Amino acid sequence: MNAVEFENVSKSYAVYEKPGDRLKELLTFNRRRCHRDFWALRDLDFTVRKGETFCIVGENGSGKSTTLQMIAGILRPSSGRVHVEGRVSALLELGAGFNPEFTGRDNVYLNGSILGLSTKEIDRRYAEIEAFAEIGDFINQPVKTYSSGMVVRLAFAVAINVDPEVLLVDEALAVGDIYFRHRCMRKVHELRSRGVTIVFVSHAIGDVKAIGDRVLWLENGRMVELGPVDTVVPKYLAAMVEKDGRYLNLAETPVSQAAPVRKAAEVVHTIPNIDHRHGDGRAEILGIAVLDENANPAHLIMPGCNITVRISVQAKADLPRPNVGFMLRNHLGIDFSGTNTTREEAVLPPMTTGEIYTVDFHLEIPELYPGSFSFSPAIADGTLTNYKMCDWIDNAVTVQMGHGEGQVYGYIHLPCRVDLNASMWDARRREAAAESLLA
């Protein structure tokens, strides 16, 4: 059964050129139109399954917040049908639903009542809400005295503690501090495991990758694509990179002195996997290989070993400032690390049409948690901040990280040296000597 259903939903707003036009339209006998229609959503069709974490991405003004407000019942569609199954708890806008004159405690009871809870039910949950919000004595002060972060803390604490069946989150956590964001994300994972349906809007693609099951990409109120995270997100990011490249328009700047480039002995013509590929086509990735210390393909890498990431590229047009690199991703699809020739100050000479470069990146692998990691190669034209993407391949080759000798806590074990504080050690020895004399 579906938790949310949108059937051919459209939403329009009346836009008036002058304030007086609204009154003129109301008073006109024949109802002459004095406005133009702005369509925030157009013919939107999708479903959200029960227990699913459904993410919505898109630029500002693409219709994401309007979609959430319809699910919450705040807005009605101009046409089409919206159906929601179950109790909805929403964290949409900063302080939405809060009365600034009321105390935090009063607003907890007000919001709980709006969501259909009785006073006794709110009484049972109040201690948990107060503890999660962690705003101290401010809980008894008017909300108008709160900082934006405190408002979000209280709003999120209420939203997750009213036993929602559908939780809506619209970028509200972006104003929270890092500590609170981490707690909120852990709570979101907990709600997922309990089967709560979550509709999540965010510009933080890392969060989308970490928690999302499916992604809806909106643009100008219309659906661009709907599907699994690892399919839709790369295409969305590619579109944003392409748009940014058009904006920058690659202003002509002098080409810096090229450093000597040592070309590899062979050209790689193998691309093991292509999840998604994008770029303007002025250059092409011919192949990528991850090699061990003996120049053999590396399928399992161990902490402390040395590997070579070899990437071969060919110019399809003249490239004044070629830049070759790769992105390393973990098993969650989150960008873990990356580099490129410009970042490493190995400036490549300009490429002419048809020319082939093979670039070797020599890496010493740190202690990473055991898991699979993928390499996404790319070639661009321009500087680090002003470039156009020519070719990018998502997850072209995957390797497995083996177990090291020690335990990796978190994602990576940093090289570390431990010293015992010398002054503390000397003080302890003096105390021990004094005690022996007294004895």
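The sequence shown begins at 131 in the working numbering and counts up one residue at a time. Backbone N, C-alpha and C fix where the C-beta goes; we use that ideal spot for every residue, glycine too. For clarity, every value in this text was computed on a predicted model and none was experimentally measured.
Bounding residues of the beta strand (DSSP E) (the contiguous stretch that carries residue i)
{"i": "V397", "result": "V397 -> no beta strand (DSSP E), and no H or E assigned at all."}
{"i": "L221", "result": "V218 to L221"}
{"i": "Y517", "result": "Y517 to I523"}
{"i": "R211", "result": "S209 to V214"}
{"i": "T177", "result": "R166 to R179"}
{"i": "V529", "result": "V527 to M531"}
Residue range of the unbroken alpha helix (DSSP H) whose run includes residue i
{"i": "R254", "result": "T249 to A263"}
{"i": "S502", "result": "S502 -> not in any alpha helix (DSSP H); beta strand (DSSP E) instead, spanning S502 to G512."}
{"i": "L153", "result": "P149 to L157"}
{"i": "D337", "result": "I335 to I341"}
{"i": "R131", "result": "Reading off the sequence shown, one finds Met at residue 131, where the question assumed Arg. From DSSP, M131 is part of no alpha helix (DSSP H); its letter is neither H nor E."}
{"i": "V240", "result": "Correcting the residue type first, residue 240 is Leu in the shown sequence and not Val. Residues G234 to I244."}
Cβ neighbour criterion (16 or more within 10 Å) applied to residue i
{"i": "L221", "result": "buried"}
{"i": "V362", "result": "buried"}
{"i": "D337", "result": "buried"}
{"i": "A389", "result": "Note that A389 scores a pLDDT of 43, beneath 50, so its modelled location is shaky and nothing firm can be said."}
{"i": "M131", "result": "exposed"}
{"i": "H213", "result": "exposed"}
{"i": "G266", "result": "exposed"}
{"i": "A419", "result": "buried"}
{"i": "A289", "result": "buried"}
{"i": "E182", "result": "buried"}
{"i": "C546", "result": "exposed"}
{"i": "M370", "result": "exposed"}
Beta-carbon proximity check, residue i vs residue j, cutoff 8 Å
{"i": "H429", "j": "V529", "result": "yes"}
{"i": "E414", "j": "K446", "result": "yes"}
{"i": "E500", "j": "H533", "result": "Inspection of the sequence shows that residue 500 is occupied by Pro rather than by Glu. Taking 8 Å as the Cβ cut-off, P500 and H533 qualify as a contacting pair."}
{"i": "I341", "j": "V318", "result": "yes"}
{"i": "I509", "j": "D490", "result": "no"}
{"i": "F344", "j": "F456", "result": "Sequence check: residue 344 is Arg here, not Phe. In this structure, F456 does not lie closer than 8 Å to R344 by Cβ."}
{"i": "R206", "j": "V139", "result": "no"}
{"i": "D360", "j": "D405", "result": "yes"}
For residue i, the three-state DSSP class (helix, strand or coil)
{"i": "T482", "result": "coil"}
{"i": "F201", "result": "Residue identity check: residue 201 is Ile in the sequence provided, not Phe. I201 falls in the helix class under three-state DSSP."}
{"i": "M432", "result": "coil"}
{"i": "D293", "result": "coil"}
{"i": "A389", "result": "Because the pLDDT of A389 is 43, which lies under 50, any placement of that residue in the model is unreliable, and the number read from its coordinates should be weighed accordingly. Looking at A389 - three-state DSSP - the assignment turns out to be coil, as it is neither helix nor strand."}
{"i": "A476", "result": "coil"}
{"i": "S142", "result": "strand"}
{"i": "R560", "result": "helix"}
{"i": "Y487", "result": "strand"}
{"i": "V288", "result": "helix"}
{"i": "D360", "result": "helix"}
{"i": "S278", "result": "helix"}
{"i": "V326", "result": "coil"}
{"i": "G540", "result": "coil"}
{"i": "F228", "result": "coil"}
{"i": "H319", "result": "helix"}
Supposed close pair residue i, residue j - CB separation, criterion 8 Å
{"i": "I495", "j": "C435", "result": "5 Å"}
{"i": "L478", "j": "V439", "result": "At roughly 16 Å, the Cβ-Cβ gap does not stay under 8 Å, so L478 and V439 are not in contact."}
{"i": "L416", "j": "Q444", "result": "5 Å"}
{"i": "R255", "j": "N291", "result": "5 Å"}
{"i": "T327", "j": "E295", "result": "6 Å"}
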